[in-house]
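Asks:
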Amino acid sequence: MNKKEIERKLGTITSSLLRETGYISFVDIFIKLGYLTQSDYENWRTKKVPYLEKVIKINLKKINFIIKTVRRTILNGKLKLSWTAYKSWGKGRKSDLQFSKSGAPDIEEVYATHFTKR
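Letter by letter, the sequence shown follows residues 3 to 120 in the numbering used here.
The following block contains the structure:
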């Protein structure tokens with residue numbers, strides 16, 4: 003998919019997510035775009051995958067484009083930003099999950115932010 007196709011799809015996806023769930027998350031966007039499978043998502047949630055970017059089926063440049071496009075649209079749409087803790091699933095102690103290879107706090111915060119209606 004080229005950038006224009008992605009932008010077009012993002013409008014539809016974000017609107018439907020907001021309508022269906024009441025919030026928009028980057029994890030859901032990557033799943034809806036087909037860049038993250040449900041199976042890979044579940045493997046990440048159960049700590050079988052060290053960080054989410056490892057199983058997203060596009061390069062970091064395209065991931066960054068999607069994140070920037072969504073954030074620009076969201077901020078123009080006056081939605082509320084809500085940080086969400088992503089914890090591991092399964093038995094034992096629940097630990098924080100990592101989205102990026104670097105684990106940099108600013109990057110992790112971007113991925114973990116949900117957008118909700120005011």
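Beta carbons are placed, not taken as given, at the ideal position from N, Cα and C, and that holds for glycine.
Helix, strand or coil: which one does DSSP assign to Tyr37?
Replies: Coil.
Asks: What first and last residue would you give for the alpha helix (DSSP H) that runs through Lys6?
Replies: Counting along the chain, the alpha helix (DSSP H) containing Lys6 begins and ends at Lys5 to Thr23.
Asks: For my contact list, Ala114 and Thr86 are in at a C-beta cut-off of 8 angstroms; report their separation, rounded to the angstrom.
Replies: Indeed, because the Cβ distance is near 5 angstroms, the residues count as touching under 8 angstroms.
Asks: Distance check for Thr48 and Lys93, CA to CA, integer angstroms please.
Replies: When rounded, the distance between both Cα atoms is 9 angstroms.
Asks: With respect to the beta strand (DSSP E) encompassing Thr115, which residues constitute its N-terminal and C-terminal limits?
Replies: Segment Thr115 to Thr118, the beta strand (DSSP E) holding Thr115.
Asks: Which word fits Thr16, buried or exposed, when buried means at least 16 other C-beta atoms lie within 10 angstroms of its C-beta?
Replies: Classification of Thr16: buried, given that the 10 Å Cβ count is 16 or more.
Asks: May I have the straight-line CA-CA distance separating Ile26 from Leu38, to the nearest angstrom?
Replies: One C-alpha to the other measures close to 16 angstroms.
Asks: Which full runs of the beta strand (DSSP E) of 3+ residues lie inside the region 40-104, going along the chain?
Replies: 82-85, all fully within the region 40-104.
Asks: Rounded to whole angstroms, how far is the Cβ of Thr118 from the Cβ of Lys82, which I believe are closer than 8 angstroms?
Replies: With a Cβ gap of about 5 angstroms, Thr118 and Lys82 count as contacting.
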